[in-house]
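Participant: Residue numbers (UniProt numbering), protein chains in the order written: chain A, 1 to 227; chain B, 1 to 227.
In this text, a Cβ means the ideal position worked out from N, Cα and C, and glycines have one as well.
Just so you know, these numbers come straight off a predicted model, no measurement behind them.
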DNA sequence: AATTTCATGTAATTCGTTACATGATTCC
DNA sequence: GGAATCATGTAACGAATTACATGAAATT
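So, in structure tokens, the structure goes:
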């Protein structure tokens with residue numbers, strides 16, 4: 001039970017899958033390494049870890065085995081707790097990775113999913129990217145409608161805020177388009193090796209990050225998205 | 001008492017300052033008219049309105065005065081409740097408008113503040129814009145540091161996510177720079193009239209927008225616009 | 001020696017949602 | 001007259017934070 005957050009659970013399992021860690025370090029990775037994640041507090045993280053342990057997805061390892069553990073117990077001091085993913089935990093994470101639901105396209109969920117794309121099947125990646133895109137397009141539709149309805153009744157600042165918000169969404173759509181195209185291009189060239197965590201084939205040397213095709217469109221040079 | 005949200009309270013007072021409204025309408029304006037706001041549910045809104053009434057900042061007006069009220073009471077039916085800002089409420093909102101704290105620079109708070117810039121003193125507008133900018137610059141600093149620390153240890157997707165996140169923040173900084181410059185330019189040209197609610201001078205036609213962070217929305221299955 | 005950073009936790013509280021319950025009004 | 005939308009609310013729950021409490025290790 002305990003439907004603990006979803007996002008946090010997912011991220012914790014994903015990070016621990018890469019390597020065992022203790023809570024403090026986990027939290028830092030949550031905040032920094034993965035660009036988007038909001039800063040979960042310890043008050044959120046530790047209870048969540050407890051739950052995951054209770055579910056059998058993690059095990060706690062105190063200290064670094066024998067020597068340390070012995071010394072620790074003798075001194076009665078509290079050892080660092082390293083969390084490690086169990087086989088069940090790994091299985092559970094795989095399942096989370098392949099499952100998509102209505103929440104998947106929402107902002108934070110999407111960011112979390114994207115952060116673990118390296119461990120995600122290509123087919124699922126496509127589903128997530130396309131789902132996200134259509135979610136954003138819906139959003140744009142609403143924004144446009146609302147803007148049309150209320151235009152002229154709003155002061156300049158409110159208008160600017162809306163305009164800016166819309167542009168940000170449009171930008172993210174373009175970003176997604178590039179990613180999707182990049183995935184499609186990659187698919188044909190990729191040899192089948194479902195087990196290795198799939199490196200992205202940088203088809204063109206000049207691509208900056210993962211994609212980054214500058215298909216310009218004239219006068220608007222500023223480049224990327226928003227989130 | 002009841003530190004109700006801050007943002008919601010602020011937005012409600014701000015909207016009602018422009019004109020009286022009932023709850024349902026208020027919620028729609030919260031979701032659509034103001035670009036950024038996430039969709040508050042009725043379960044949040046109505047209790048909040050109650051609190052604001054209890055604080056003396058709003059009064060409830062049932063129906064449209066005499067004729068309606070009479071008919072309503074005779075039939076025993078429930079009338080629409082229109083909320084109107086009281087003098088105290090207006091005063092309180094003024095105070096909120098002029099006050100800035102550490103929260104002011106955060107995503108949702110900032111968006112809410114910006115949405116009511118039309119009713120905000122120029123001096124305060126500047127403070128908010130500049131505070132937001134330096135908040136974002138701090139954030140950039142951290143992101144850069146984190147990126148430098150972990151580069152090469154991350155897979156392509158994680159890297160792309162970070163890159164994208166950083167670019168979004170950079171974009172918002174540029175947007176703020178333009179707004180700030182625009183405000184400054186406006187100041188010199190403006191004749192002194194501290195009472196009139198300052199219009200935004202669009203100095204540059206091309207104002208490029210960027211902001212939008214906190215994405216609103218939630219998986220809100222209930223009504224709403226354009227479902 | 002003192003301060004900062006690492007490290008782990010709990011209790012109370014805040015913020016907000018979902019699900020439920022009800023009824024009025026408008027449109028077809 | 002039936003459906004959709006407008007309109008108002010409440011109770012139970014959920015997610016996450018803050019403030020608190022503790023203590024070890026590294027740095028200065």
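Any beta-carbon of chain A closer than 8 Å to the one on residue 19(B)?
Facilitator: The count along the second chain starts at 1 and reaches residue 19(B) at position 19. No, because no Cβ of chain A sits closer than 8 Å to the Cβ of residue 19(B).
Participant: For the stretch 139-152 of chain B, list every residue whose C-beta sits within 9 Å of some C-beta in chain A, in sequence order.
Facilitator: Residues 142, 143, 145, 146, 147, 149, 150.
Participant: Taking the C-alpha atoms as reference points, what is the distance between residue 125(B) and residue 83(A)?
Facilitator: Translated into positions along the second chain, residue 125(B) becomes position 125. Translated into positions along the first chain, residue 83(A) becomes position 83. Taking the straight line from one Cα to the other gives about 48 Å.
Participant: Within 8 Å of any Cβ in chain A, is that where the Cβ of residue 175(B) sits?
Facilitator: Locating residue 175(B) in the second chain gives position 175, where the first residue counts as 1. Closer than 8 Å to some Cβ of chain A, the Cβ of residue 175(B) qualifies, so yes.
Participant: Starting from residue 25(B), trace the beta strand (DSSP E) in both directions and tell me its first and last residue.
Facilitator: One-based indexing of the second chain puts residue 25(B) at position 25. Run containing residue 25(B): none in the beta strand (DSSP E); it sits in the alpha helix (DSSP H), 23-28.
Participant: Determine whether the Cβ of residue 164(B) lies closer than 8 Å to any Cβ atom of chain A.
Facilitator: By one-based count along the second chain, residue 164(B) stands at place 164. Yes, residue 164(B) counts as interfacial toward chain A.
Participant: Relative to the C-alpha of residue 158(B), which candidate in 110(A), 135(A), 50(A), 184(A) has its C-alpha closest?
Facilitator: Sequence index remark: in the second chain, residue 158(B) carries index 158 (1-based). Closest by alpha carbon: 110(A).
Participant: In whole angstroms, give me the CA-to-CA distance for residue 81(A) and residue 22(A).
Facilitator: On the first chain, residue 81(A) is found 81 positions in, with the first residue counted as 1. On the first chain, residue 22(A) is found 22 positions in, with the first residue counted as 1. For residue 81(A) and residue 22(A), the distance between alpha carbons rounds to 5 Å.
Participant: Report the residue ranges of all alpha helix (DSSP H) runs contained in full by the stretch 81-159 of chain B; include only those spanning at least 4 residues, in chain order.
Facilitator: Qualifying alpha helix (DSSP H) stretches, in chain order: 87-98, 107-115, 122-150.
Participant: Is residue 98(B) buried or exposed, if buried means 16 or more other CB atoms sit within 10 Å of its CB?
Facilitator: For the purposes of this step, residue 98(B) is taken as the residue at position 98 of the second chain. So residue 98(B) ends up on the exposed side.
Participant: Pair every Cβ in the stretch 127-147 of chain B with every Cβ in the stretch 26-40 of chain A, then say whether three or more of these pairs are closer than 8 Å.
Facilitator: Yes: at least three Cβ pairs fall under 8 Å.
Participant: Can you give me, in chain order, the residues of the stretch 98-116 of chain B that have a beta carbon less than 9 Å from any beta carbon in chain A?
Facilitator: Listed in sequence order: 111, 114, 115, 116.
Participant: Any beta-carbon of chain B closer than 8 Å to the one on residue 24(A)?
Facilitator: Within the first chain, the letter at position 24 stands for residue 24(A). No - not a single Cβ of chain B is within 8 Å of the one on residue 24(A).
Participant: So, with DSSP's three-state summary, where would you put residue 13(B)?
Facilitator: Position 13 of the second chain holds residue 13(B). Residue 13(B) falls in the helix class under three-state DSSP.
Participant: Given residue 56(B), which residues of its chain have a CB within under 8 Å of its CB, disregarding the five upstream and five downstream residues?
Facilitator: The residue given as residue 56(B) occupies position 56 in the second chain. So the qualifying residues of the chain are 86, 88, 89.
Participant: Tell me whether the beta-carbon of residue 93(A) lies closer than 8 Å to the beta-carbon of residue 14(A).
Facilitator: Within the first chain, numbered from 1, the residue matching residue 93(A) stands at position 93. Within the first chain, numbered from 1, the residue matching residue 14(A) stands at position 14. Closer than 8 Å, so yes.
Participant: State the Cα-Cα distance for the pair residue 175(A) and residue 150(A), rounded to the nearest angstrom.
Facilitator: Reading the first chain from its first residue, position 175 is the one you call residue 175(A). Reading the first chain from its first residue, position 150 is the one you call residue 150(A). Computed Cα separation, rounded: 29 Å.
Participant: Hey, out of 24(B), 52(B), 26(B), whose CA is closest to residue 6(B)'s CA?
Facilitator: On the second chain, position 6 is the one that residue 6(B) refers to. The shortest C-alpha separation from residue 6(B) is found at 52(B).
Participant: Which partner residues of residue 60(B) appear in the DSSP bridge assignment?
Facilitator: What you label residue 60(B) is simply residue 60 of the second chain in a count that begins at 1. DSSP output for residue 60(B) lists 83(B) as bridge partner(s).
Participant: Please compile the residues from chain A whose C-beta is within a distance smaller than 8 Å of the C-beta of residue 118(B).
Facilitator: Residue mapping note: residue 118(B) aligns to position 118 of the second chain, counting from 1. Those are 155, 156, 157, 158, listed as they occur along chain A.
Participant: Taking 8 Å as the threshold (C-beta atoms), are residue 129(A) and residue 179(A) in contact?
Facilitator: Numbered from its first residue, the first chain carries residue 179(A) at position 179. Numbered from its first residue, the first chain carries residue 129(A) at position 129. For residue 179(A) and residue 129(A), yes; Cβs fall inside 8 Å.
Participant: Which whole-angstrom value describes the C-beta separation of residue 153(A) and residue 105(A), a residue pair presumed to lie in contact below a C-beta threshold of 8 Å?
Facilitator: Position 153 of the first chain, counting from 1, holds the residue named residue 153(A). Position 105 of the first chain, counting from 1, holds the residue named residue 105(A). Their Cβ separation, rounded to whole angstroms, is 31 Å, which puts residue 153(A) and residue 105(A) out of contact at 8 Å.
Participant: Leaving out the 5 sequence neighbours to the left and right, which residues in its chain are closer than 8 Å to residue 59(B) when beta-carbon positions are compared?
Facilitator: Working through the second chain from its first residue, we reach residue 59(B) at position 59. Correct list, in chain order: 53, 83, 84, 86.
Participant: Could you tell me the alpha carbon to alpha carbon distance between residue 133(A) and residue 156(A), rounded to whole angstroms?
Facilitator: For this step, residue 133(A) is matched to residue 133 along the first chain. For this step, residue 156(A) is matched to residue 156 along the first chain. Rounded to the nearest angstrom, the two C-alpha atoms are 29 Å apart.
Participant: Can you tell me whether residue 43(B) is buried or exposed? The criterion is at least 16 other CB atoms within 10 Å of its CB, across all chains shown.
Facilitator: In the second chain, residue 43(B) corresponds to position 43, counting from 1. Label assigned to residue 43(B): exposed.
Participant: Contact defined as beta carbons within less than 8 Å: I believe residue 122(B) pairs with residue 187(B). What is the distance between those atoms, to the nearest angstrom?
Facilitator: For the purposes of this step, residue 122(B) is taken as the residue at position 122 of the second chain. For the purposes of this step, residue 187(B) is taken as the residue at position 187 of the second chain. Their Cβ separation, rounded to whole angstroms, is 7 Å, which keeps residue 122(B) and residue 187(B) in contact under 8 Å.
Participant: Could you check which residue in 41(B), 140(B), 131(B), 91(B) has the C-alpha nearest to that of residue 101(B)?
Facilitator: On the second chain, position 101 is the one that residue 101(B) refers to. The shortest Cα separation from residue 101(B) among 41(B), 140(B), 131(B), 91(B) belongs to 131(B).
Participant: Using beta-carbon positions only, say whether residue 16(B) and residue 40(B) come within less than 8 Å of one another.
Facilitator: Translated into the one-based positions of the second chain, residue 16(B) becomes position 16. Translated into the one-based positions of the second chain, residue 40(B) becomes position 40. In this structure, residue 40(B) does not lie closer than 8 Å to residue 16(B) by Cβ.
Participant: Alpha carbon to alpha carbon, how far is residue 168(B) from residue 61(B)? Give it in angstroms, no decimals.
Facilitator: For the purposes of this step, residue 61(B) is identified with residue 61 of the second chain, where counting begins at 1. For the purposes of this step, residue 168(B) is identified with residue 168 of the second chain, where counting begins at 1. Their backbone Cα atoms lie some 44 Å apart in a straight line.
Participant: Considering only C-alpha positions, which residue in the set 165(A), 183(A), 163(A), 171(A) is nearest to residue 164(B)?
Facilitator: Locating residue 164(B) in the second chain gives position 164, counting from the first residue. When each option's Cα is compared against that of residue 164(B), the closest is 171(A).
Participant: Does DSSP put residue 177(B) in a helix, in a strand, or in coil?
Facilitator: Position 177 of the second chain, counting from 1, holds the residue named residue 177(B). Note: residue 177(B) maps to helix in three-state DSSP.
Participant: Tell me which residues share the same chain as residue 120(A) and place their Cβ nearer than 6 Å to its Cβ, disregarding the 5 neighbours each side in the sequence.
Facilitator: For the purposes of this step, residue 120(A) is identified with residue 120 of the first chain, where counting begins at 1. Hits under 6 Å: 97.
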